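Encoded as structure tokens, the structure appears first; notes follow it.
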Ligand SMILES: [Zn+2]
């Protein structure tokens, strides 16, 4: 889910920019010049409370139509200085998605949704809560952020007296023992693997929030997103599913951390979503297997499952055609992407360490990664000569041949083994 939210919110924020010249000029004499303080805290009845103040006691900026925040996002005006935002964890379409959401005993907010109208000068956010998770660290009572600092970022805060935390990782108190300990152990193994093998220390700069979400039961499923806070949730699980959190969420964590090794440039490529999610799902399996969290058989079965799901999505069109038409299933980039990168690995003929080195360069969107780009095709290049990979992104019959080939390879070959050497 990398960057989807930030792009969406940027689009919303930018909508305010092209205001009509006449309107802008008419507002100019009334614009207040004092900095606007936006004080945010947990309110009553599953709401976020937003209080506005100016630093020099001047009047509050009016904003468009007298609204400082975009009412289309559901931020309700109570008075010129007071707004509330209902917590809503529904994963509905577009801008409604997780602007402010209950996560366990705390609240997760995606800040660009709360950027004030542009008439409001020098806005400063002030968050008040007992424990505030920002930039991978816990802050007590209060934190202030400029608009620049908040751009594209999320924050989490809680008023629990003793929240369940492990470093910069917050856990919903509804996650009970022994699941909690199993989950923490698994997350620790994954973090350690990323630190030792890929030199990426999640605890240094990221906040992590894991929660069970209850939102009237209208949606059930699990997932995560990866901004400055990695947010993982299982929405409306059954009691049986709650007991399996420790089997499911570590995979999500391994996937979201993989996104942290990627650079934004990947998003500008054709088939960007296929590349971004496929790489993350490939690395997820490699990390889960190499950190000892899943057996080789289980890992291979997950690859087989992805391949079979990918085959179900396929039809007479090539992947390029589907993406050009913007008509593909939500899971397609994940399942077909994972398949693509395992075929890339087994068809490369490279030692694991050499393949992973090239793969990591490709994750950084480097055009040149080891001199065999047209064979490795790790960025799904249009100049690719690798017949197997061309088959994976081809039509159904071409794809089927490569799935059969991968199955025979999986039966006779080990999974990529890193053993901390890369
Ligand atoms: Zn992802």
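Numbering (the numbering used here), first residue to last: 209 to 630. The C-beta atom is built at its ideal place from N, Cα and C for all residues, glycine as well. A quick note: this is a predicted structure, and the numbers were derived from the prediction, not measured.
Residue i to residue j span [Cα, whole Å]
i	j	result
residue 609	residue 599	8 angstroms
residue 450	residue 570	36 angstroms
residue 270	residue 597	56 angstroms
residue 468	residue 574	15 angstroms
residue 210	residue 434	Confidence is the limiting factor: at residue 210 the pLDDT is only 40, short of 50, which leaves the residue's position unreliable, though a coordinate-based value still follows. Those two C-alpha atoms are separated by around 5 angstroms.
residue 549	residue 594	12 angstroms
residue 389	residue 408	23 angstroms
residue 410	residue 459	15 angstroms
residue 517	residue 422	28 angstroms
residue 344	residue 376	5 angstroms
residue 577	residue 473	15 angstroms
residue 346	residue 339	6 angstroms
residue 534	residue 525	12 angstroms
residue 330	residue 265	14 angstroms
residue 562	residue 584	11 angstroms
residue 251	residue 280	20 angstroms
residue 544	residue 499	24 angstroms
residue 314	residue 307	14 angstroms
residue 682	residue 323	In the structure as shown, the chain starts at 209 and stops at 630, and residue 682 therefore has no counterpart that could be examined.
residue 538	residue 486	13 angstroms
residue 260	residue 253	20 angstroms
residue 461	residue 415	12 angstroms
residue 497	residue 622	11 angstroms
residue 475	residue 586	14 angstroms
residue 491	residue 511	12 angstroms
residue 481	residue 405	25 angstroms
residue 199	residue 470	A query on residue 199 cannot be resolved here, the shown segment of the chain reaching from 209 to 630 and no further.
residue 255	residue 372	22 angstroms
residue 316	residue 294	12 angstroms
residue 580	residue 436	34 angstroms
residue 431	residue 419	11 angstroms
Element boundaries [alpha helix (DSSP H), containing residue i]
i	result
residue 330	Neither: residue 330 is in no alpha helix (DSSP H) and is coded neither H nor E.
residue 516	504-521
residue 358	355-358
Per-residue DSSP class, three states only, for residue i
i	result
residue 366	strand
residue 535	coil
residue 555	helix
residue 467	helix
residue 432	strand
residue 481	helix
residue 344	coil
residue 251	coil
residue 243	coil
residue 264	coil
residue 335	strand
residue 256	strand
residue 221	A caution first: residue 221 carries a pLDDT of 31, below 50, which makes its placement in the model unreliable, though a value can still be read off. Looking at residue 221 - three-state DSSP - the assignment turns out to be helix.
residue 361	coil
residue 270	coil
residue 526	coil
Any non-hydrogen atom of ligand 2 within 7 angstroms of residue i CB
i	result
residue 485	For ligand 2, the structure offers nothing, since it holds only ligand 1.
Residue i Cβ short of 7 angstroms to ligand 1 heavy atom set
i	result
residue 419	no
residue 377	no
residue 463	yes
residue 488	yes
residue 467	yes
CB contact check: residue i to chain B, cutoff 8 angstroms
i	result
residue 281	Structure shown: chain B not included; a single protein chain is present.
Delimiting residues of the beta strand (DSSP E) encompassing residue i
i	result
residue 314	314-318
residue 284	283-287
residue 443	437-443
residue 293	290-294
residue 450	First-last for residue 450: 447-450, but that is the alpha helix (DSSP H), not the beta strand (DSSP E).
residue 419	415-421
residue 308	308-311
Checklist entry - Residue ranges of each beta strand (DSSP E) run of no fewer than 3 residues wholly in the segment 371-402, ordered along the chain? => result Fully enclosed beta strand (DSSP E) runs of no fewer than 3 residues occupy 372-374, 377-379 of the segment 371-402, in order along the chain.
Checklist entry - Going along the chain, which unbroken runs of the alpha helix (DSSP H) with 4 or more residues stay wholly within the segment 546-609? => result DSSP runs (the alpha helix (DSSP H)) wholly in the segment 546-609: 560-571, 581-584, 595-600.
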